[in-house]
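Numbering (my numbering), first residue to last: 675 to 1031.
To start, the structure under review is shown below, and the notes come after it.
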């Protein structure tokens, strides 16, 4: 792998990778990042062909960088089916084999979330993978029966990267809705995880988080516990909800509110920085989708010692990754009139993040 040019301490660079209206797509949404064992940076998103809506004909797209984000390949189509939504990329890399697993979801282009929650349209879970650093991808295979219970209606993988635990287990954060009243506004919502103990070949359901949670992100701490940080669907204030697992994601404990992590009910991302205790977090730190902020915890996500606004304007979903040289990357949605005008990549060092505090 070529090495990105060294920058002075306290540096930050950013550029748009996907711009709405370019490349034949109306809107690009739902960013996800992964770093391969060869050091290649993978930037995934959804390419929404005809509108900004969460349903319709939507493709899974990818750009790759072999030099730490300095230059990028053209856009690749990873998954696409006429008449279908292919969405919610959740990439995870197996250290032992270098293989990239990519769980994602599908539904009918005209069968959006309202119909899915009403039990009138399907939502299925799929898996593709790459054994050549993301250059090519296997034909998608359905894994719904292994990871989704029959009573569940809505289901979403990610949308952000999965993680590999020190044990070698792969863990992908997900969420679902239980079809009790078959009503999107009333049915229980939960975060959960799916697990693989064979390098991403087969998957099964792991721990389920208490009700009132939704899109989530996970990190393994230096003590081996797993923190899952969830979008708050409980109401009663704007704060992220957090739970912990001490058994590798098989179960999760009680929820707590992290009052420091203000959110507008949106997606967020966690990533571990190096091999120590430090953890990164990104989200739009506001009561609206704006003010994309990155934070640093040095005590296992119990408190946040440093934070810095990356983009003060309209912003929404984001994902974090750390390159082998310690460079931090954040792929996020942003714009002027709306958060969905482009997906940009920011690269910065730790000194930039902590320097404003």
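Built from N, CA and C at the ideal position, the CB exists for glycine as well.
Computed from a predicted structure; not experimentally measured.
Proximity below 8 Å, CB of residue i to CB of residue j
i            : j            : result
residue 966  : residue 977  : no
residue 1032 : residue 803  : Past the boundaries of the shown model lies residue 1032; the chain is included only from 675 to 1031, so the question cannot be answered.
residue 779  : residue 831  : yes
residue 688  : residue 704  : no
residue 989  : residue 952  : no
residue 954  : residue 1002 : yes
residue 811  : residue 752  : yes
residue 873  : residue 861  : no
Neighbourhood of residue i by C-beta, 7 Å cutoff - its chain only, sequence neighbours within 5 removed
i           : result
residue 789 : 795
residue 979 : 970, 971, 972
Own chain partners of residue i with C-beta closer than 6 Å, once the 5 adjacent residues on each side are dropped
i           : result
residue 936 : 912, 959
residue 785 : 795
residue 930 : 916
residue 767 : 708, 710, 774
residue 986 : 965
residue 984 : 966, 968, 1020
residue 817 : 799, 801, 877
Buried versus exposed call for residue i [16 or more other C-beta atoms within 10 Å across all chains shown]
i            : result
residue 685  : exposed
residue 835  : buried
residue 724  : exposed
residue 1027 : buried
residue 897  : exposed
residue 739  : buried
residue 841  : exposed
residue 714  : buried
residue 856  : exposed
According to DSSP, residues forming a beta bridge with residue i
i            : result
residue 719  : 735
residue 1006 : 992, 1018
residue 826  : 852
residue 796  : Note: residue 796 sits in no beta bridge, so no partner.
residue 761  : 779
residue 984  : According to DSSP, which records beta bridges pairwise, residue 984 is partnered with nothing at all.
residue 803  : 775
residue 904  : 890, 915
Residues of its chain near residue i, where Cβ-Cβ distance is below 8 Å and the 5 sequence neighbours each way are ignored
i           : result
residue 813 : 802
residue 815 : 800, 801, 802
residue 878 : 820, 821, 868, 869, 870
residue 677 : Confidence is the limiting factor: at residue 677 the pLDDT is only 45, short of 50, which leaves the residue's position unreliable and the question unanswerable from this model.
residue 858 : 787, 788, 791, 792, 828, 851
_I'd like to know if the segment 854 to 872 and the segment 881 to 892 are in contact, where contact means that at least 3 CB-CB pairs between them fall below 8 Å._
yes
*Any chance the segment 1008 to 1019 sits against the segment 684 to 702, with 3 or more Cβ pairs inside 8 Å?*
yes
*asked:* Whether or not the segment 819 to 833 and the segment 899 to 911 are in contact is what I'm after, with contact meaning three or more pairs of Cβ atoms, one per stretch, closer than 8 Å; do they touch?
replied: no
*Just checking, does the segment 915 to 927 make contact with the segment 936 to 949 on the three C-beta pairs under 8 Å criterion?*
no
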